[in-house]
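One gets this note's numbering by counting positions in the sequence shown from 1 and adding 385 to each.
Cβ coordinates follow ideal geometry from the N, Cα and C atoms, glycine included.
See structure below.
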Amino acid sequence: MTNSFNDISVPLLPTERVDDLLTHDLRIIQSDEVFSFSMDAVLLARFASVPPRGRVLDLCTGNGVIPILMTTRTKASIEGIEIQPRLADMARRSVALNGLQDQVVIHEGDLRELYKVAGHGVYDAITVNPPYMPLNGSDLKLNTHQAMARHEIGCTLEEVIQACVRLVRTGGKVSMVHKPQRLVDIISLMRKYRLEPKIIRFVHPRAHLEANMVLIEAMRDGKPEVRLQPPLIVYNEDNQYCPEIMDIYYGAKEGKS
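Here it is as structure tokens:
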């Protein structure tokens, strides 16, 4: 099976489909057999500071949605690394489907080892949507793809932050989306490895509910100073997306002041 878009054809496996990313005529290959992207990836792609040119890296890239979305914001060279072969292959085909091979490169490999090939301090900005949950016995009930996406099986939070500090240049930015319950761990580990938190924004499903996501940006060897941005509210009282969420999804603005 193949899918054609803008006269570009890519092969699809029987369980795969092509979804609309709702902005800039971009598409993404997804499958129910593996972990599909969700709102956290879209918010991170719009929140992160990315240079107009240079080199950007997305860790735990999954099916490549964050690198693909970031092409709407920068002409920088963007790389993604994914440890799962199936997801890395889907990401490469999604890049090809959108004709972005000249800007986006997907690596299959272990983020903990990338610095040995790429070198130290070679990226201007790094994004990461890591597995949220520490490993526990219930993870074995999930299929391999879903378990690795949700739980710290292939890498721990500390290993992700270590990889970031090895790969980002001094003064470069590292942007992450995670669960608020892990915020103390994130800040402690970032400071341990010389990443200084600079911007934090909480995401709330509704104005009266507690945050269920946190966006955080840090600077390699930055000075101590952090800004808390206004909360980002997803749904209004009518159960519709708030205007800022609509802007973020449709690419009208970058979602960051």
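Exercise. With a 10 Å radius around its C-beta and 16 neighbouring C-beta atoms as the bar for buried, classify V569 as buried or exposed.
Key: exposed
Quiz item: The alpha helix (DSSP H) with E629 in it runs from where to where?
Solution: P628 to Y635
Quiz item: Where does I572 sit, in a helix, a strand or coil, going by DSSP?
Solution: helix
Quiz item: Looking at V562 and D701, is the spacing between their C-beta atoms short of 8 Å?
Solution: Past the boundaries of the shown model lies residue 701; the chain is included only from 386 to 642, so the question cannot be answered.
Quiz item: From P615 to R586, what does the alpha carbon distance come to, in whole angstroms?
Solution: 7 Å
Quiz item: Measuring CB to CB, does L429 end up less than 8 Å from I414?
Solution: no
Practice problem: Mark S455 as exposed unless 16 or more other C-beta atoms lie within 10 angstroms of its C-beta, in which case mark it buried. | Solution: With the sequence shown as reference, residue 455 is identified as Met, and Ser is not the correct amino acid for it. Result: buried.
Quiz item: What's the C-alpha gap between G607 and P516?
Solution: 26 Å
Quiz item: DSSP beta-bridge partners for D404?
Solution: I413
Self-check item: For P452, the first and last residue of its enclosing alpha helix (DSSP H)
Solution: V450 to M455
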